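Residue numbers (the working numbering): 1 to 202. Glycine included, each C-beta is placed from N, C-alpha and C at the ideal position. Computed from a prediction, not measured in an experiment: that's the story for all the values here. Notes for the one structure printed next.
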Amino acid sequence: MPYVPDENDLAVKTYGVDLERLARFLYEKFTDNDWDAFVSAASFWWNIYSVIAIILSLVFIIGFVYAKIRYGQLSDLEQEALREAEAQWAATNESGDTKNTRWDSILAHVADNRPESWRIAIIEADILLDETLSKAGYVGQSIGDKLKTANTQSFTTIQDAWEAHKVRNDIAHVGSDFVLTKKSAQETIVRFERVFREFGVI
């Protein structure tokens with residue numbers, strides 16, 4: 001038996017959007033109850049929307065492709081600039097009697113307030129690390145290869161070398177997207193310093 005409300009029941013009103021009534025209003029407002037006209041109008045506006053959506057999609061796709069290409073070009077330019085800076089700095093400091101001057105240059109760069117100077121300091125210190133390992137008899141195509149052959153008992157600061165070299169790689173590979181703070185730059189140079197002191201470079 002279905003429930004029949006009486007005077008003791010509370011009347012509860014619900015509020016919200018009556019979609020059916022709204023649709024009926026729009027239909028009657030714009031079509032004068034002419035279903036064919038409604039379908040025709042809906043088809044017309046849907047075609048307009050489709051054309052606009054396709055055009056916007058093409059614009060966004062072209063913009064995305066262009067941005068990716070430009071980002072790659074900028075990354076290549078950054079890498080080339082880093083390689084040139086490394087080669088130039090290494091060529092300028094080839095002689096063996098410049099080690100103190102080179103270290104002073106590194107300290108001057110890391111003491112600067114410009115992030116670019118901190119990057120240069122770490123790159124220069126990494127070049128000096130490569131030369132130090134080669135002179136110490138470690139063999140390999142890269143610093144990583146040389147460190148892999150090191151004996152941790154005789155090379156007590158090898159972990160410092162790894163951590164400092166990792167920061168240099170982040171600078172070289174990630175580029176300007178790599179966030180380098182002055183504190184982290186100074187900590188990295190301190191790691192290089194421990195290695196150089198162990199090998200008598202400074």
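Between the C-alpha atoms of residue i and residue j, what's the straight-line distance to the nearest angstrom?
i: N113; j: R191; result: 20 Å
i: W162; j: A67; result: 34 Å
i: N100; j: A108; result: 12 Å
i: D160; j: L128; result: 14 Å
i: R168; j: I52; result: 48 Å
i: S57; j: S142; result: 46 Å
i: R21; j: V59; result: 38 Å
i: G200; j: I61; result: 57 Å
Mapping DSSP to helix, strand and coil, what is residue i?
i: Q159; result: helix
i: D112; result: coil
i: G72; result: helix
i: A150; result: coil
i: T181; result: coil
i: S134; result: helix
i: I202; result: coil
i: Q141; result: coil
i: G96; result: Residue placement at G96 is poorly supported in this model, since its pLDDT is 49, which falls under 50; the coordinates still yield a value, given next. G96: helix per DSSP, three-state reduction.
Residue i: which of the options sits nearest, CA to CA?
i: N287; options: A111, Q141, G137; result: Residue 287 is absent from the model: the chain starts at 1 and stops at 202.
i: L77; options: I55, S176, N47, L107; result: S176
i: K146; options: T157, A172, S134, I202; result: S134
i: I158; options: E198, R21, T101; result: E198
i: Q186; options: A41, R70, I122, V59; result: I122
i: F196; options: W103, W118, F178; result: W103
i: L180; options: H165, G72, P115, A125; result: P115
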